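Written below as structure tokens is the structure these notes are about.
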């Protein structure tokens with residue numbers, strides 16, 4: 006099958022100013038920190054970032070926010086990132102909040118070629134503002150628009166050159182959905198294995214969804230166990 | 010006993026063997042420590058875990074295994090991992106027997122407000138709306154009054170809602186109150202608290218059957 010191995014510089018250089026980017030991860034697990042750090046280094050501007058959360062202050066997506074590269078965030082919550090909340094309240098970035106499972110379903114719908122999903126989640130709340138409400142089979146439903154993006158940045162535990170990959174434990178979260186919903190899907194992998202080494206039954210996201218595979222030679226501190234409070238942040242492994 | 014501990018201890022008694030349960034972020038997370046050892050219960054975490062086990066110290070933590078509040082956790086035999094769409098299919102599909110959720114305000118008809126104080130606290134809702142709307146049973150936990158002594162159980166919530174008419178039971182540091190068809194029924198009072206004190210601290214009518222009220 007097609008060999009999609011790419012250097013990290015080349016993979017991220019495809020991203021242009023104004024792009025929309027889905028970023029896997031829920032907190033630390035599944036966040037593609039090295040792809041994000043390369044995006045910070047290259048400096049593309051006016052980005053829309055779609056992620057469950059904006060990481061914690063000083064990590065991952067927050068580095069893009071701090072570097073003035075983000076115009077808009079689409080998230081389910083920002084609770085762990087007071088810096089991002091501050092920037093939102095100051096009007097530096099716009100934030101669209103979405104109920105977590107509906108965010109997942111909007112992304113999944115786009116990946117599955119569906120224009121929208123109907124749901125009663127969030128009806129008669131602030132999150133329904135501006136969204137069409139229809140009556141379907143006697144039930145009032147919000148129309149939640151499918152959410153696609155120009156790019157998806159995904160962290161895999163293992164990948165083969167064709168892009169078949171697996172996720173570890175709770176690092177899976179939004180990644181399999183985002184890997185279906187973006188025009189260009191860039192996967193960073195902790196381990197690069199030969200084709201066939203991931204048994205077909207064990208593949209979490211199939212290779213045809215993937216455009217580029219970046220092998221991480223080593224992980225950085227950001228991937229490690231976070232020690233909060235006054236403790237020193239542990240270094241990854 | 011501190012208010013928080015009193016609430017969490019009482020709330021732990023809501024969890025029964027055989028249930029699939031979500032413990033919301035904040036106060037409810039503390040319930041895990043008070044569950045009967047070895048109780049056969051499946052804890053769901055919305056970041057994609059069923060079968061969450063005890064929290065683990067950072068030295069022994071798996072960097073890829075957290076709960077929805079960001080704490081490093083273990084898994085129990087029988088656990089599974091899944092993506093966020095599957096996680097919320099489990100919630101919206103009605104597979105959660107019980108959600109124990111932190112609250113800022115609860116209304117007499119069971120409306121829940123727990124996600125935003127406009128202009129002051131705007132972290133986003135996370136999975137709260139779905140847990141509140143779709144769990145088979147929703148138990149809200151909070152202190153009975155705010156720091157200024159103002160009631161948080163109200164005829165109508167003043168904060169924006171997480172979900173309307175979703176709360177089945179409220180557990181506070183003063184009382185356990187059931188909500189049925191728009192009425193609030195006082196079921197239990199905390200040790201050392203009188204019925205009148207609960208009534209005075211509640212800004213909604215309580216149905217009271219003095220003989221049926223127990224103490225926790």
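Chains as they are written, first to last, in the numbering used here: chain A, 6 to 242; chain B, 10 to 225.
Cβ coordinates follow ideal geometry from the N, Cα and C atoms, glycine included.
Small disclaimer: the values here were computed from a predicted structure and weren't measured.
Which chain A residues are close to residue i, counting only those with a beta carbon under 7 Å from its beta carbon?
i: residue 114 (chain B); result: Neighbours of residue 114 (chain B) on chain A: none; closest Cβ ~14 Å, over 7 Å.
i: residue 81 (chain B); result: 230
i: residue 56 (chain B); result: 31, 175, 178
Is the shortest distance between the beta-carbon of residue i and the beta-carbons of chain B less than 9 Å?
i: residue 235 (chain A); result: Here residue 235 (chain A) scores only 39 on pLDDT, less than 50, and its place in the model should not be relied on; the value that follows carries that caveat. Not an interface residue.
i: residue 105 (chain A); result: yes
i: residue 180 (chain A); result: yes
i: residue 57 (chain A); result: yes
i: residue 126 (chain A); result: yes
i: residue 67 (chain A); result: no
i: residue 222 (chain A); result: no
i: residue 25 (chain A); result: no
i: residue 51 (chain A); result: no
i: residue 163 (chain A); result: no
i: residue 282 (chain A); result: The structure shown does not extend to residue 282 (chain A), since chain A is modelled only from 6 through 242, so no value can be given for it.
i: residue 242 (chain A); result: Low local confidence applies: a pLDDT of 29 at residue 242 (chain A) is under 50, so the model's placement there is unreliable, with the coordinate-based value given in what follows. Cβ-Cβ to chain B under 9 Å: yes for residue 242 (chain A).
i: residue 113 (chain A); result: yes
I want to verify the contact list: residues of chain B whose CB lies under 7 Å from the CB of residue i, in sequence order.
i: residue 173 (chain A); result: 73
i: residue 141 (chain A); result: None at all; the shortest Cβ gap to chain B is about 16 Å.
Answer with yes or no whether the minimum CB distance from residue i to chain A is below 9 Å.
i: residue 38 (chain B); result: no
i: residue 151 (chain B); result: no
i: residue 173 (chain B); result: yes
i: residue 106 (chain B); result: no
i: residue 167 (chain B); result: no
i: residue 45 (chain B); result: no
i: residue 126 (chain B); result: no
i: residue 225 (chain B); result: no
i: residue 131 (chain B); result: yes
i: residue 160 (chain B); result: no
Got a sec, what are the start and stop residues for the beta strand (DSSP E) residue i sits in?
i: residue 54 (chain B); result: 51-54
i: residue 220 (chain A); result: 217-220
i: residue 105 (chain A); result: Taken as a continuous stretch (DSSP letters only), residue 105 (chain A) belongs to no beta strand (DSSP E), being part of the alpha helix (DSSP H) at 105-116.
i: residue 155 (chain A); result: 154-164
i: residue 23 (chain B); result: Element bounds for residue 23 (chain B): n/a, residue is neither H nor E.
i: residue 139 (chain B); result: Unbroken run through residue 139 (chain B) is the alpha helix (DSSP H), 137-143; no beta strand (DSSP E).
i: residue 86 (chain B); result: 82-90
i: residue 173 (chain A); result: Per DSSP, residue 173 (chain A) belongs to no beta strand (DSSP E) and is neither H nor E.
i: residue 101 (chain A); result: 99-102
Let's see if you can read the secondary structure: which residues bound the alpha helix (DSSP H) around residue i?
i: residue 32 (chain B); result: Here residue 32 (chain B) belongs to no alpha helix (DSSP H); instead the beta strand (DSSP E) covers 29-32.
i: residue 188 (chain A); result: Per DSSP, residue 188 (chain A) belongs to no alpha helix (DSSP H); it is in the beta strand (DSSP E), 187-197.
i: residue 40 (chain A); result: 38-47
i: residue 69 (chain A); result: 66-71
i: residue 203 (chain B); result: Per DSSP, residue 203 (chain B) belongs to no alpha helix (DSSP H) and is neither H nor E.
i: residue 72 (chain B); result: Note, residue 72 (chain B): premise wrong, no alpha helix (DSSP H); not H, not E.
i: residue 76 (chain A); result: Looking at the DSSP string, residue 76 (chain A) is not in any alpha helix (DSSP H); the run it does join, the beta strand (DSSP E), is 75-80.
i: residue 100 (chain B); result: 93-101
i: residue 91 (chain A); result: 87-94
i: residue 16 (chain A); result: 13-18
For residue i and residue j, which I take to be in contact (beta-carbon distance under 8 Å), what is that distance rounded to the nearest angstrom?
i: residue 174 (chain B); j: residue 139 (chain B); result: With 8 Å as the limit, residue 174 (chain B) and residue 139 (chain B) do not qualify as a contact, their Cβ atoms being about 15 Å apart.
i: residue 69 (chain A); j: residue 41 (chain A); result: 7 Å
i: residue 132 (chain B); j: residue 210 (chain B); result: With a Cβ gap of about 27 Å, residue 132 (chain B) and residue 210 (chain B) do not count as contacting.
i: residue 111 (chain B); j: residue 106 (chain A); result: Incorrect: roughly 19 Å between the Cβ atoms, too far for contact.
i: residue 97 (chain B); j: residue 109 (chain A); result: 6 Å
Please compile the residues from chain B whose C-beta is within a distance smaller than 9 Å of the C-beta of residue i.
i: residue 33 (chain A); result: 72, 73, 75, 79
Please compile the residues from chain B whose C-beta is within a distance smaller than 8 Å of the C-beta of residue i.
i: residue 110 (chain A); result: 94, 97
i: residue 4 (chain A); result: Only positions 6 to 242 of chain A appear in the structure, and residue 4 (chain A) is not among them; the question remains open.
i: residue 132 (chain A); result: 134, 138
How would you list, in chain order, the residues of chain A whose beta-carbon sits under 8 Å from the beta-carbon of residue i?
i: residue 142 (chain B); result: 125, 126
i: residue 100 (chain B); result: 106
Taking Cβ-Cβ distances below 7 Å as the criterion, which residues of the region 77-102 of chain A are in contact with chain B? 80, 81, 82, 83, 84, 85, 90, 102
Check each residue of the region 187-213 of chain B: if its Cβ is closer than 8 Å to any Cβ of chain A, include it; give the result in chain order. none
At a Cβ cut of 7 Å, what residues of the region 58-73 of chain B count as close to chain A, listed as they run along the chain? Residues passing the 7 Å Cβ filter: 58, 67, 70, 71, 72, 73.
Could you run through the region 24-37 of chain B and flag, in chain order, every residue whose CB is less than 9 Å away from some CB of chain A? From the region 24-37 of chain B, only 34 have a Cβ closer than 9 Å to chain A.
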